[in-house]
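Student: Heads up, the sequence shown is in the numbering used here, so the first residue is 762 and it goes up one at a time. Note that the Cβ used here is the ideal one computed from N, Cα and C, for glycine as well.
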Amino acid sequence: MSYLSRAPDPEEAFRALYESAYPDLLRFVQRRTDLPNAEDVVAEAFLVAWRRFSEVPALETDARAWVFWHYTKPHAECPPR
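Take a look at the structure:
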């Protein structure tokens with residue numbers, strides 16, 4: 762567990778979140794969507810995270826949950842494959 766807010770700048774904090782959450786979010790998405798589209802879906806989730814990074818919690822575990830939530834919110838109506 763680390764604090765993203767301790768990173769010297771937002772870009773470094775975002776990079777730490779990306780490196781921490783990307784593999785798990787990709788696996789999560791691959792189980793719920795067509796495999797060729799999984800990386801695009803994850804990229805979209807991280808684009809939202811970058812654009813709204815000031816809203817992302819500083820605690821890494823909370824930040825990961827925030828990114829997962831922003832993936833699931835627009836895809837909540839989609840049935841699992």
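From which residue to which residue does the alpha helix (DSSP H) around A819 run?
Tutor: Per DSSP, A819 belongs to no alpha helix (DSSP H) and is neither H nor E.
Student: Assuming F775 contacts W811 (C-beta within less than 8 Å), just tell me the rounded distance between them.
Tutor: The Cβ separation is near 6 Å, so the contact holds.
Student: Would you identify the three-state DSSP class for R793, choosing helix, strand or coil?
Tutor: The answer is coil: DSSP assigns R793 none of H, G, I, E or B.
Student: What three-state label does DSSP hand P843 in the structure shown?
Tutor: Because the chain is modelled from 762 through 842, residue 843 falls outside the range shown and cannot be assessed.
Student: Comparing C-alpha positions only, which one of R813, E821, A804 and P818 sits nearest to L786?
Tutor: The candidate whose alpha carbon is nearest that of L786 is A804.
Student: If you draw a straight line from the alpha carbon of R793 to that of V828, how long is it in whole angstroms?
Tutor: Cα to Cα, the separation comes out at about 16 Å.
Student: Could you give the DSSP three-state label for D770: helix, strand or coil?
Tutor: Reduced to three states, the DSSP call for D770 is coil.
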